[in-house]
Amino acid sequence: MSDTTYLDLTPTDTVDDHDATPVHIQYGTVKMDLPRLDDSTHLPTAVIIVSMQVVSTGWDNLDYEDKIRVMATILAWLTSKYPRLERELDTKSGDKLADLGRIIGAWADATKDLDPKA
């Protein structure tokens, strides 16, 4: 028999009083409505994890492997949510990593534009 006791934590309630305005980005013919990077209610956990490393370390301070890991995580999520994005990158991109960086940069910039405190 086990005497292990677990602390029972209830997930926080989602609230509707915050601004959940998505970021709208179009890459080629793929239109994406992405959650704001400052909106942990709607961001997938994998993106939150890699974003925390970028915020704590700073993009310019990450080594090459860490930057690739961040981009790979975001690319995996983007292509699972928007399957046509993978085809668009495969058929129209001259530099997939550069284009992915442009998508992530636009996402970050658009989040800042929606909330200057972000």
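For the sequence shown, our numbering gives the first residue as -2, with consecutive numbering after it. We treat Cβ as the ideally placed atom computed from N, Cα and C, and that holds for glycine. None of these values were measured; they are calculated from a predicted model.
Cβ-Cβ distances below 8 angstroms link residue 47 to 66, 67, 70, 71 in the same chain, with the five nearest sequence neighbours on each side left out; the list follows chain order. Excluding five sequence positions before and after residue 98, the CB atoms of its chain that fall closer than 8 angstroms to its own CB belong to 68, given in chain order. In the three-state reduction of the DSSP assignment, residue 61 falls in the helix class.
Residue pairing from DSSP places residue 21 in a beta bridge opposite 30.
In this chain, the alpha helix (DSSP H) harbouring residue 52 covers 42 to 54. The C-beta of residue 101 has 16 or more other C-beta atoms within 10 Å across all chains shown, which makes the residue buried. Between the C-alpha atoms of residue 0 and residue 59 there is a straight-line separation of about 44 angstroms. Annotation: residue 24 to residue 89 spans about 10 angstroms, alpha carbon to alpha carbon. Note that the C-beta distance between residue 22 and residue 103 is below 7 angstroms. Rounded to whole angstroms, the gap between the alpha carbons of residue 36 and residue 51 is 16 angstroms. By the CB criterion at 7 angstroms, residue 75 and residue 82 fall inside the cutoff. Residue environment analysis places residue 20 among the buried positions, since at least 16 neighbouring C-beta atoms fall within 10 angstroms of its C-beta.
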